[in-house]
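Have a look at the structure below, then the notes.
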Ligand SMILES: Nc1ncnc2c1ncn2[C@@H]1O[C@H](COP(=O)(O)OP(=O)(O)OP(=O)(O)O)[C@@H](O)[C@H]1O
Ligand SMILES: [Mg+2]
């Protein structure tokens, strides 16, 4: 169980998150939605330890996460894929996967190749020459090389064509089903995300304003009105 309790966070005088409380079961799939500047990225950054909350606690499996130490949290099993293509462009696909898995079990590479066959087909290709969708798969594969229990994704569909978005979402679902990895997905593409998550959190001006099932949110005729 990941417990976020009364978390507030900001940047200098600016308040980005106010009193957020949410508990999520390990292995669950949760979408986090909200308009630009709502605080979604800040929430993910607090959970992975990249940003230190000004108040509140974040506890996973009974132990506080290491605020301010992403490396320590990644070793514990929380992986974060920030927005954009987070690959080393001048290294090959396989070199990228090796670097991410350095502190972990290299044998896991075969699992990554099973999940993303395109990465095995392209393993000697320079990562920077892959398409946007392929680079997003590689970024996911790199995060998975740390064998996380939680995968935090910041807008994984940005810049991808609709058919590729569906593919990325489908892969994320498979990661959850095959490896039991919990997913926290921040997305602007609400309909595509609702197809794979069970639960939706809506953040508005730094506050958690809704915590509903994906089914309930999908049934709303105009999703954005709901925000
Ligand atoms: N490094 C920073 N320094 C100062 N202010 C910041 C910083 N990062 C974010 N903010 C501010 O904090 C607020 C929340 O930002 P955050 O990036 O968490 O929003 P978001 O919901 O992820 O938005 P988007 O959908 O545009 O990515 C915004 O007002 C933003 O301008
Ligand atoms: Mg953001």
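In the numbering used here, the protein residues as written are 2 to 228. Positions of the beta carbon are idealized from the N, C-alpha and C atoms, including for glycine. Quick caveat: nothing in here was measured; it's all calculated off a predicted structure.
Any idea what DSSP makes of residue 16, helix, strand or coil?
Strand, per DSSP.
What is the rounded straight-line gap between the Cα of residue 66 and the Cα of residue 140?
Their Cα atoms are separated by approximately 23 angstroms.
Inter-residue Cα distance where the pair is residue 220 and residue 51:
One C-alpha to the other measures close to 35 angstroms.
Residues with C-beta closer than 5 angstroms to any heavy atom of ligand 1, in chain order
12, 17, 37, 38, 39, 40, 41, 42 and 43
Residue 221 in three-state terms, based on DSSP
coil
Every unbroken alpha helix (DSSP H) within the segment 59-125, with a cutoff of 4 residues, ordered by chain
Taken in chain order, the complete alpha helix (DSSP H) segments of 4 or more residues contained in the segment 59-125 are 71-77, 94-101, 110-116 and 118-122.
For residue 58 and residue 5, I'd like the C-alpha separation in whole angstroms.
Residue 58 and residue 5: Cα-Cα distance of roughly 6 angstroms.
For ligand 2, is there any heavy atom lying closer than 7 angstroms to the beta carbon of residue 155?
yes
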